[in-house]
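2 protein chains.
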Amino acid sequence: MDTADRLIESTRELLWERGYVGTSPKAIQQRAGAGQGSMYHHFEGKPALARAAIERTAEEMSAKAEAQFSGAGSAKERLVAYLRRERDVLRGCPIGGLTQDPDVMADPLLRAPVTGTLAWLRGRIADLVAEGVAAGEFASDLDPARTATTIVAVMQGGYVLARAADDAALFDDAIAGFLPLLGEH
Amino acid sequence: MDTADRLIESTRELLWERGYVGTSPKAIQQRAGAGQGSMYHHFEGKPALARAAIERTAEEMSAKAEAQFSGAGSAKERLVAYLRRERDVLRGCPIGGLTQDPDVMADPLLRAPVTGTLAWLRGRIADLVAEGVAAGEFASDLDPARTATTIVAVMQGGYVLARAADDAALFDDAIAGFLPLLGEH
DNA sequence: GTCTATACTCGGATAGAC
DNA sequence: GTCTATCCGAGTATAGAC
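Those protein sequences? They're chains A and B, same order as listed. Add 1 to a position in the first sequence, counting from 1, and you land on the number used in the working numbering. Add 1 to a position in the second sequence, counting from 1, and you land on the number used in the working numbering.
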C-alpha cells in the first residue's frame, strides 16, 4: 500500500470514528505515517482526501452487499443472509452515519456517495422483495419499494439503537423483531 | 426567557445542526445574543452547557411521546398516531442523531440522556404492543420487547434515509412499509 | 516526494474592570 | 451580571529547502 493509499485509509477510519470536523490533517498524517508535505503533495487538502475516502467506503459497502444479493439461494434466503451478516455494529454504519455529519451533507461531492449508496441499496433490496413475491416467498400484497425502505431503515435504526445502548444485541433485536413480520420464522 | 435559557436554547439548536465539535462558544453566544462574560458567568463552559441542552431535549422528546402514548384510543391507535405524527424529519432526530457524535458518546454525562431516552422509548412502546396483543389488536405471537426495538429502529432509520435523500417522504415510506406488516391497513 | 519552517485563524477559556 | 482584553493551543494550509 503506497502513501496515497495509506492516507485514504487513515481518513476513512477517522471519518468513521470522529466525523469530518473531528478529523484533522495532523491526525490523518500520524495514522498514515506520513508527513505534512507528503499529504499535501498527494492531495489538495482535507476535502479532497475526504472525497476519496468516502467514495472508497461507498464502493466497498456496495460490493459487500452485492456479493450477498447475487449469491446462492432464493430471494428470501439471500435477503435474510444479508440482514444477519456479521457487522461491526457498535462502530455504526460507515455510510449511514455520515448522514448526521453536517459538513459532509453540505458538500455535494461528499454527499453524493452517501445518497447514491443508500438509494442503490433500497433499489437492490426492492428487487429481491419483488423476486420473493413472485416466487411466493412473501405475501403477494407487499409493496417492494416501500418494504425495501423499511428494511434498510430497520438496519440503520438498529445501528443507532445499538450505539445508544452500547450493546450490539439491539441491532440483532431490531432484525429479529422484523423478520417474523415478513413471515420468516 | 432569561439569558441562561437563551443560552441553553441556542446550544440545543447548534448541537442538533452541527454536533458537539461543530458548536463553538462564540456561535452559542451570538445566537443567544449574549457576550462571553455572560456565558461563562452562567455556565462553567461548553460541556456544562451541552449537558443542560441535551437533558432538556431528552425531556422534551419524552414528554411529547408520552402525550401520544397516554392519549385516547386503543393501544394500536395510539401507536400508529405516534408513528404518523408530524416531525421535522429532515433535521433528524435530536436525540438519535447524537448517537453518531463521538464527543457526546464519550462523555457519560452527555451520553446518559441519549441512552436513557431511547431505552425508555423502547420500553414504553413494548407496553403498548403488549397491551395491543392482549386486546387482540396484534398477532398473539409478537414479542413486545423485540417488536418495540424494531419499531424504534424503523423511525430512527427513517430519519437516516430521509436525510440521505434530502426527502422527508422516505421517513413516511419506512413507516408505510412497516405498518401493513403489523396488520394495519 | 518528503521535510521543516512559517503563518494565520479559530476554539475555548481566564482576568479584571465596570 | 456583563464587558473587554488577553492567552495558548489546535486546525489548516503555504513556502521553500533537500
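A virtual CB, placed ideally from N, CA and C, is assigned to each residue, including glycine.
- Ranked by Cα distance from residue 184(A), the options 26(A), 106(A) and 80(A) are led by 80(A).
- With a contact defined as Cβ atoms closer than 8 Å, residue 5(B) and residue 150(A) miss out at about 42 Å.
- Shown in chain order are the members of the region 135-158 of chain B whose Cβ falls below 9 Å from a Cβ of chain A: 140, 142, 143, 144, 146, 147, 148, 149, 150, 151, 152, 153, 154, 155, 156, 157 and 158.
- Scanning its chain for C-beta atoms nearer than 7 Å, with the 5 sequence neighbours on each side dropped, one finds around residue 96(B) the residues 58, 59, 62, 115, 118 and 119, in chain order.
- Around the beta carbon of residue 11(A), 16 or more other beta carbons lie within 10 angstroms, which makes this residue buried.
- Secondary structure at residue 62(B): helix, using DSSP grouped into helix, strand and coil.
- Leaving aside the five residues that flank residue 56(A) on each side, the residues in its chain whose CB is nearer than 8 Å to its CB run, in chain order, 114.
- It is roughly 14 Å from the alpha-carbon of residue 9(B) to the alpha-carbon of residue 21(B).
- Residue burial is scored here from C-beta neighbours: residue 40(B) has at least 16 other C-beta atoms within 10 angstroms and is therefore classed as buried.
- For residue 132(A), no CB of chain B lies under 8 Å from its own CB, so it is not counted at the interface with that chain.
- Relative to residue 148(B), the option among 180(A), 154(A) and 164(A) whose CA is nearest is 180(A).
- In the structure shown, the three-state DSSP call for residue 128(B) is helix.
- Distance check between residue 46(A) and each of 31(A), 25(A), 145(A) and 140(A) places 25(A) closest, using alpha-carbon atoms only.
- Secondary structure note for residue 186(B): it is in no alpha helix (DSSP H), with a DSSP letter that is neither H nor E.
- Annotation: the continuous alpha helix (DSSP H) that includes residue 11(B) extends over 4-19.
- By the C-beta density criterion, residue 37(B) is exposed, having fewer than 16 other C-beta atoms within 10 angstroms.
- Look at the region 18-32 of chain B: the residues with a C-beta under 8 Å from a C-beta of chain A are 18, 19, 20, 22 and 23.
- By the Cβ criterion, the region 152-164 of chain B is in contact with the region 160-178 of chain A, since at least three pairs of Cβ atoms, one from each stretch, lie closer than 8 Å.
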